[in-house]
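Protein chains in written order, with the numbering used here: chain A, 52 to 197; chain B, 83 to 320.
Think of the CB as a built atom: it goes at the ideal place given N, C-alpha and C, for glycine as much as any other residue.
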């Protein structure tokens with residue numbers, strides 16, 4: 052066998068072994084690489100209310116409510132909304148500025164503590180947007196059929 | 083044909099012929115692209131005008147992956163067939179790849195703030211893209227770390243080959259794991275989910291960036307070939 056052919060097989064086989072090895076590694080890391088949990092996932096896990104976790108899903112339509120609450124002596128506006136994965140849902144309580152894209156029917160990721168089965172106290176709210184891009188005029192035509 | 087092309091002086095002749103055309107195409111695509119990006123494309127129904135960042139972000143991101151694949155191919159070629167031109171191309175690509183990756187990260191960050199509400203999160207897509215940037219930087223350092231250029235080329239090629247693992251992770255991170263970054267819009271199996279009025283400027287910009295990259299890399303290859311020739315001349319004189 053020529054030296055070149057030998058090197059070709061050596062390098063290729065080493066690469067294949069390396070790639071298989073790392074795919075096994077990443078396959079097993081799967082659960083540790085997620086950025087957030089869905090409501091069903093988070094409710095199945097036993098998570099203490101002190102632990103910082105991220106919860107993600109859809110903001111349920113018609114669920115956003117705003118009310119004044121007192122934190123210390125200041126009056127602030129608290130937003131309450133429901134995150135759903137269309138199987139289970141959790142109420143989220145958040146005080147602070149919401150991102151522009153935050154709205155009903157949109158994806159959202161919140162970071163904070165799961166107090167109990169119903170209540171999640173959010174410290175950070177991040178809006179998630181989908182992979183659809185279209186001009187505003189089209190949206191009015193498309194939306195009602197959705 | 084392959085061996086003919088791999089001869090540096092033949093390659094140089096071809097590249098001198100291609101270069102002005104690539105550069106011209108870059109300018110043409112850039113001007114027509116900019117017209118669409120700034121005047122003729124609509125704002126997004128959800129994100130408004132912010133969506134225009136996409137026309138820089140997406141071409142940079144695609145190039146950052148494309149350049150790396152090209153470097154990986156060259157590295158394989160260089161280790162197996164020991165051809166210097168493959169090393170030269172790798173060396174010419176690395177800083178450009180690093181720049182496009184950095185541009186992806188920066189524009190992504192600027193885009194993330196108004197849409198997601200944060201500059202940066204450690205989700206799988208963003209983190210793996212950052213790792214790609216570090217691999218590019220590593221390639222630049224390693225290939226220049228040795229007195230003997232060939233030694234640096236060899237170790238940098240090994241790094242590039244091992245770094246291939248990162249490519250599928252970047253590409254499919256948005257499908258494999260929950261991420262804040264949205265899934266792919268264009269390369270999904272069903273029809274693309276970008277309106278044609280936004281697809282046109284996007285592809286004009288992608289072609290513009292592609293020809294920009296080709297022109298730059300041809301220039302860099304030329305410089306590298308000349309500097310290696312000079313080195314050999316100096317060795318002979320000494």
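Go through its chain and collect everything with a Cβ distance to residue i's Cβ below 7 angstroms, but skip five positions before and after it.
i, result
"residue 232(B)", "none"
"residue 177(B)", "222"
"residue 224(B)", "234, 237, 238, 241"
"residue 112(B)", "290"
"residue 134(B)", "119"
Shorter than 8 angstroms from the beta carbon of residue i to some beta carbon of chain B?
i, result
"residue 37(A)", "Not covered by the structure: residue 37(A). The range shown for chain A is 52 to 197."
"residue 112(A)", "no"
"residue 177(A)", "yes"
"residue 129(A)", "no"
"residue 181(A)", "yes"
"residue 55(A)", "yes"
"residue 90(A)", "no"
"residue 66(A)", "yes"
Straight-line CA distance for residue i to residue j?
i, j, result
"residue 93(B)", "residue 264(B)", "41 angstroms"
"residue 208(B)", "residue 314(B)", "43 angstroms"
"residue 245(B)", "residue 188(A)", "44 angstroms"
"residue 282(B)", "residue 122(B)", "10 angstroms"
"residue 91(A)", "residue 169(A)", "12 angstroms"
"residue 213(B)", "residue 219(B)", "10 angstroms"
"residue 109(A)", "residue 131(A)", "14 angstroms"
"residue 137(B)", "residue 122(A)", "43 angstroms"
Please state whether DSSP places residue i in a helix, a strand or coil.
i, result
"residue 218(B)", "helix"
"residue 157(A)", "coil"
"residue 169(B)", "helix"
"residue 276(B)", "strand"
"residue 133(A)", "strand"
"residue 93(B)", "helix"
"residue 172(A)", "strand"
"residue 103(A)", "coil"
"residue 230(B)", "coil"
"residue 145(B)", "helix"
Does residue i get closer than 8 angstroms to chain A when you measure Cβ to Cβ?
i, result
"residue 98(B)", "no"
"residue 261(B)", "yes"
"residue 275(B)", "yes"
"residue 283(B)", "no"
"residue 288(B)", "no"
"residue 251(B)", "yes"
"residue 216(B)", "no"
"residue 279(B)", "yes"
Whose C-beta lies closer than 8 angstroms to the C-beta of residue i among residues of the same chain, with five residues either side of it excluded?
i, result
"residue 83(B)", "Residue placement at residue 83(B) is poorly supported in this model, since its pLDDT is 49, which falls under 50; the coordinates still yield a value, given next. Here the set comprises nothing."
"residue 159(B)", "165, 168"
"residue 293(B)", "104, 105, 107, 108, 111"
"residue 113(A)", "155"
"residue 171(A)", "106, 134, 141, 142, 143, 144, 161, 163, 164, 165"
"residue 306(B)", "170, 173, 174"
For residue i, which residues from the same chain have a beta carbon less than 6 angstroms from its beta carbon, with the 5 sequence-adjacent residues on both sides left out?
i, result
"residue 216(B)", "none"
"residue 296(B)", "104"
"residue 275(B)", "267"
Interface positions of the segment 187-203 of chain B facing chain A (Cβ-Cβ less than 8 angstroms), listed along the chain | 196, 197, 198, 199, 200, 203
Taking Cβ-Cβ distances below 9 angstroms as the criterion, which residues of the segment 127-156 of chain B are in contact with chain A?
-> 127, 128, 129, 130, 132, 133, 136
Of the residues that make up the segment 136-161 of chain A, which ones have a beta carbon closer than 9 angstroms to any beta carbon in chain B?
-> 148, 149, 150, 151, 152, 153, 154, 157, 158, 160
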